[in-house]
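*Asks:* In the numbering used here, the protein residues as written are 5 to 728.
Just so it is clear, CB atoms sit at the ideal spot from N, CA and C, and this is done for glycine as well.
The structure's right below; bear with me while I get my questions together.
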């Protein structure tokens with residue numbers, strides 16, 4: 005009898021790098037959310053993927069907390085943490101240049117072909133004068149990760165080094181996923197958030213040699229990845245030329261090279277000051293909501309929608325095999341479910357294993373299924389529909405909904421719900437009420453957050469006029485507490501204009517509204533309402549929809565050849581493409597296509613040239629829709645972001661209520677539209693989101709989609725960048 009030895013199962017190895025502490029340097033300020041991000045990712049990997057802690061490298065640099073004590077009039081301060089050598093504990097240590105390079109090398113040496121490698125970096129991204137002018141040209145820059153010891157050792161983990169580190173992994177047959185929650189360029193923020201990058205280029209040409217490889221090996225690997233091409237200063241090539249040409253590699257980056265990566269107070273926590281990186285937070289929220297059995301494309305689409313609705317200046321990038329399942333090699337899809345932790349017959353309520361870190365909010369709805377459920381598309385198996393009433397740190401309470409509120413009634417009682425039963429997320433409340441901070445604390449000067457002398461004294465009175473205009477508005481409300489997170493900040497700009505900021509002043513808000521115009525305060529409030537409605541549409545999603553996988557899409561060039569995988573997709577100004585939609589399901593789908601334009605307008609694309617609320621896509625039908633995108637006809641646009649939002653519904657729905665004019669046009673009161681007579685729960689949701697801007701929506705904070713079968717809907721989002 006022949007002896008057979010089974011191949012060892014593929015393992016997952018993780019390298020998690022989080023850097024808040026950046027001492028002794030002039031480029032990179034301390035950050036607040038990076039270590040917290042890494043802890044969030046670490047918990048998720050161990051809980052959802054069962055990765056043992058010994059397979060996770062953690063390189064963490066936390067900013068030392070100041071400790072002030074007064075003894076006999078003497079104030080002392082806690083000394084900075086010592087740098088921990090990775091040699092003492094090979095999988096724990098400070099995030100120094102040497103330790104980062106060594107961790108990459110150790111993982112490459114110990115992992116085997118077919119193993120999954122997960123790398124997550126949270127910290128500053130930086131730019132420095134290139135050490136390799138023969139590759140990039142004189143005066144060009146290297147981009148890279150910024151270790152905690154940048155101020156002393158002076159080393160970046162440069163893109164040319166990263167190319168070699170990753171190529172070694174893919175050459176060995178490993179499947180690599182890399183998440184970069186940082187940016188290449190930065191700037192001073194003016195709102196309740198921070199930026200993970202510096203606006204300056206480090207011109208100090210360090211002479212120390214790379215610890216990754218010899219100069220000859222680094223040059224050879226870079227040339228092999230760029231097909232031997234010579235120096236280039238193309239921003240397009242900088243986005244991708246350090247990525248190994250391999251289907252075994254995926255990168256999810258927080259933003260494009262010219263943009264900002266934000267961290268902000270997502271979950272206020274106990275002290276009201278807990279920041280997270282926008283990319284990391286919404287990535288974990290998406291995986292917890294949808295499950296880790298979704299594709300990287302689906303992950304990117306949802307994360308981008310969430311981030312763009314909050315930070316228009318940040319557009320995440322996806323490169324590599326977008327259709328692959330997270331940390332797998334196959335393409336199967338299975339829904340993620342929370343778990344029933346307990347039931348309470350007295351209050352007709354349950355507790356679920358979904359809390360604040362997963363983005364659970366009051367009003368979210370879940371369907372509870374029996375323990376043995378395999379097919380979550382079979383709604384006849386549902387035992388109850390529950391709605392979240394109280395959100396905790398790791399679990400939430402939910403009430404069982406009666407039939408009159410979209411539940412299942414009293415046919416099946418709470419006694420049939422077992423501890424451990426799966427709960428599938430059906431819907432998330434749509435936040436319509438946006439919070440505004442009026443900021444009048446700018447000081448005298450010419451820099452960021454400063455004003456000329458004649459304007460410093462006018463801030464308070466100019467913003468008081470805005471405060472009065474905001475009063476009793478149902479779409480935006482003012483906040484005054486320092487710890488409370490705002491969606492928008494209104495302040496005065498250096499030319500005497502009102503500014504609307506989301507971290508940075510929003511661009512393309514034309515024409516400028518000057519503080520000496522008596523009509524400007526009301527116009528500013530109108531713009532805030534416009535932005536609130538635009539971003540509410542952008543954030544619409546329905547993660548529990550059974551039809552989400554039935555509608556597929558693909559972008560084709562003008563000759564109908566598939567465009568190379570990229571997200572966002574780069575298009576020439578005026579270029580023609582096709583959007584291919586396919587209904588893979590057994591029933592017709594009603595399709596609507598919205599264009600979220602860079603002028604803050606929302607228009608509906610007429611499929612097949614037919615002006616209709618929706619187009620019915622038959623089962624197994626494939627449809628190609630020609631599209632042409634042009635930059636707005638003003639000189640301020642050199643490049644513009646465009647978003648296509650594709651909706652699929654089972655029942656009828658009219659999306660005309662969601663249309664918006666450009667921001668420099670007046671918002672009009674909405675006429676009565678067909679949606680108002682449809683009466684379905686989804687139509688009521690559209691009516692609330694697209695309601696009259698002059699009237700407060702009936703449910704301003706949490707408009708909840710009722711999960712009635714006839715109102716099933718799903719959405720996909722396509723990111724585009726249009727430029728010359």
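Return the chain-ordered list of same chain residues with a C-beta closer than 8 Å to the C-beta of residue 504, the five sequence neighbours on each side being excluded.
*Replies:* Here residue 504 corresponds to residue number 500 of the chain shown, with the count starting at 1. Excluding positions up to five away in sequence, the list reads 492, 493, 494, 510, 513, 528, 531, 532, 535.
*Asks:* Roughly how many angstroms separate the alpha carbons of residue 725 and residue 69, rounded to a whole number?
*Replies:* Counted from its first residue, the chain shown places residue 725 at position 721. Counted from its first residue, the chain shown places residue 69 at position 65. Taking the straight line joining both Cα atoms gives about 42 Å.
*Asks:* Run through DSSP, which three-state label would residue 504 get?
*Replies:* Looking up residue 504 in the chain shown gives position 500. It is a strand residue.
*Asks:* Closer than 8 Å is the cut-off here; do at least three beta carbon pairs connect the segment 38-53 with the segment 286-306?
*Replies:* Yes, the segment 38-53 is in contact with the segment 286-306.
*Asks:* Are the segment 142-152 and the segment 117-134 touching, with three or more C-beta to C-beta distances below 8 Å?
*Replies:* Output reads yes: the segment 117-134 touches the segment 142-152.
*Asks:* What first and last residue would you give for the beta strand (DSSP E) that runs through residue 187?
*Replies:* Reading the chain shown from its first residue, position 183 is the one you call residue 187. Here residue 187 belongs to no beta strand (DSSP E), and DSSP marks it neither H nor E.
*Asks:* Tell me residue 146's beta-bridge partners as DSSP assigns them.
*Replies:* As a working note, residue 146 is residue 142 in the chain shown. 132, per the DSSP bridge assignment.
*Asks:* Per DSSP, which residues does residue 651 bridge with? Please list them.
*Replies:* Residue mapping note: residue 651 aligns to position 647 of the chain shown, counting from 1. Paired residues: 596, 719.
*Asks:* For residue 182, which beta-bridge partners are listed by DSSP?
*Replies:* Taking the chain shown and counting its residues from 1, the one referred to as residue 182 is at position 178. DSSP, once it has assigned bridges, lists 123, 255 as partnering residue 182.
*Asks:* Out of 641, 501, 348, point me to the one whose CA is closest to residue 470's CA.
*Replies:* Counting from one through the chain shown, the residue named residue 470 turns up at place 466. Of 641, 501, 348, the residue nearest in Cα terms is 501.
*Asks:* Where does residue 571 land, buried or exposed, given buried means 16+ other C-beta within 10 angstroms?
*Replies:* Translated into the one-based positions of the chain shown, residue 571 becomes position 567. Classification for residue 571: buried.
*Asks:* Would you please state the rounded distance, in angstroms, between the beta carbons of residue 597 and residue 606? I believe it to be under 8 Å.
*Replies:* The sequence position of residue 597 within the chain shown is 593, counting from 1. The sequence position of residue 606 within the chain shown is 602, counting from 1. Actually they do not touch by this definition, with Cβ atoms about 11 Å apart.
*Asks:* Report the three-state DSSP secondary structure of residue 1 (helix, strand or coil).
*Replies:* Nothing about residue 1 can be reported from this structure: the residues present for the chain run from 5 to 728 only.
*Asks:* Around the Cβ of residue 699, are there at least 16 other Cβ atoms within 10 angstroms (buried) or fewer (exposed)?
*Replies:* Counting from 1 along the chain shown, the entry for residue 699 is found at position 695. By the 10 Å Cβ count, residue 699 comes out exposed.
*Asks:* Tell me the rounded alpha-carbon separation between residue 328 and residue 267.
*Replies:* For this step, residue 328 is matched to residue 324 along the chain shown. For this step, residue 267 is matched to residue 263 along the chain shown. So the alpha carbons of these two residues sit roughly 28 Å apart.
*Asks:* What three-state label does DSSP hand residue 613 in the structure shown?
*Replies:* Along the chain shown, one-based indexing puts residue 613 at 609. Residue state, collapsed to three classes: helix.
*Asks:* Considering Cα atoms alone, identify which of 591, 667, 429, 393 is closest to residue 517.
*Replies:* The sequence position of residue 517 within the chain shown is 513, counting from 1. The residue with the shortest Cα to Cα distance from residue 517 is 667.
*Asks:* Residues bridged to residue 395 by DSSP?
*Replies:* What you label residue 395 is simply residue 391 of the chain shown in a count that begins at 1. For residue 395, which the question treats as bridged, DSSP gives the partners 400.
*Asks:* Determine the direct distance from the alpha carbon of residue 330 to that of residue 163, and round the result to whole angstroms.
*Replies:* In the chain shown, counting from the first residue as 1, residue 163 sits at position 159. In the chain shown, counting from the first residue as 1, residue 330 sits at position 326. If I take the Cα positions, the gap works out to 24 Å.
*Asks:* Check the DSSP bridge columns for residue 446 and list the partner residues they point to.
*Replies:* As a first step, residue 446 is located in the chain shown; it is residue number 442 there, counting from the start. Answer is none; residue 446 lacks a bridge partner.
*Asks:* Given a cut-off of 8 Å on the beta-carbon distance, is the pair residue 39 and residue 64 in contact?
*Replies:* Position 35 of the chain shown, counted from the start, is the residue given in the question as residue 39. Position 60 of the chain shown, counted from the start, is the residue given in the question as residue 64. Contact: yes.
*Asks:* Roughly how many whole angstroms lie between the Cα atoms of residue 550 and residue 687?
*Replies:* Here residue 550 is taken as the residue at index 546 of the chain shown, counted from 1. Here residue 687 is taken as the residue at index 683 of the chain shown, counted from 1. Cα-Cα distance, rounded: 18 Å.
*Asks:* Tell me the DSSP bridge mates of residue 746?
*Replies:* Not covered by the structure: residue 746. The range shown for the chain is 5 to 728.
*Asks:* Whose C-alpha, out of 18, 36, 31, is nearest the C-alpha of residue 57?
*Replies:* As a position in the chain shown, residue 57 is number 53, starting the count at 1. Of the listed residues, the one whose Cα sits closest to residue 57 is 18.
*Asks:* Indicate the three-state DSSP secondary structure (helix, strand or coil) for residue 137 in the structure shown.
*Replies:* Locating residue 137 in the chain shown gives position 133, where the first residue counts as 1. Residue 137: helix per DSSP, three-state reduction.
*Asks:* Got a sec? Which residues, its chain only, sit under 7 Å from residue 741 by beta carbon, not counting five neighbours each side?
*Replies:* The structure shown does not extend to residue 741, since the chain spans only 5 to 728, so no value can be given for it.
*Asks:* Please say whether residue 460 and residue 442 have beta carbons closer to each other than 8 Å?
*Replies:* Numbered from its first residue, the chain shown carries residue 442 at position 438. Numbered from its first residue, the chain shown carries residue 460 at position 456. Taking 8 Å as the Cβ cut-off, residue 442 and residue 460 do not qualify as a contacting pair.
*Asks:* If we count the other Cβ atoms within 10 Å of its Cβ and call it buried at 16 or more, is residue 116 buried or exposed?
*Replies:* To locate residue 116, count along the chain shown from 1; it is residue 112. Exposed, since its Cβ has fewer than 16 Cβ neighbours within 10 Å.
*Asks:* When burial is assigned at 16 or more other CB atoms within 10 Å of the CB, is residue 348 buried or exposed?
*Replies:* As a position in the chain shown, residue 348 is number 344, starting the count at 1. The residue is exposed, with fewer than 16 neighbouring Cβ atoms inside 10 Å.
*Asks:* May I have the straight-line CA-CA distance separating residue 419 from residue 369, to the nearest angstrom?
*Replies:* Along the chain shown, read from residue 1 onward, the residue named residue 419 stands at position 415. Along the chain shown, read from residue 1 onward, the residue named residue 369 stands at position 365. The straight-line gap from Cα to Cα measures roughly 20 Å.
*Asks:* Determine the burial state of residue 154: buried for a count of at least 16 other Cβ atoms within 10 Å of its Cβ, exposed for fewer.
*Replies:* Start at 1 with the first residue of the chain shown, and residue 154 comes out as number 150. That one is buried.
*Asks:* Mind checking which residues open and close the alpha helix (DSSP H) that includes residue 370?
*Replies:* Counted from its first residue, the chain shown places residue 370 at position 366. From DSSP, residue 370 is part of no alpha helix (DSSP H) but of the beta strand (DSSP E) over 369-372.
*Asks:* DSSP three-state label for residue 355, please.
*Replies:* By 1-based counting over the chain shown, the position of residue 355 is 351. It is a strand residue.
*Asks:* Identify which residue in 61, 473, 158 has its Cα closest to the Cα of residue 110.
*Replies:* Numbered from 1 along the chain shown, position 106 holds the residue referred to as residue 110. Looking at the Cα atoms, 61 is the closest of the given residues.
*Asks:* Using a Cβ-Cβ cut-off of 6 Å (strictly less than) and excluding sequence neighbours within five positions of residue 651, which residues of its own chain qualify?
*Replies:* Position 647 of the chain shown, counted from the start, is the residue given in the question as residue 651. Around residue 651: 596, 719.
*Asks:* Nearest-angstrom Cα distance between residue 166 and residue 220?
*Replies:* Within the chain shown, residue 166 is the residue found at index 162, counting from 1. Within the chain shown, residue 220 is the residue found at index 216, counting from 1. Taking the straight line from one Cα to the other gives about 15 Å.
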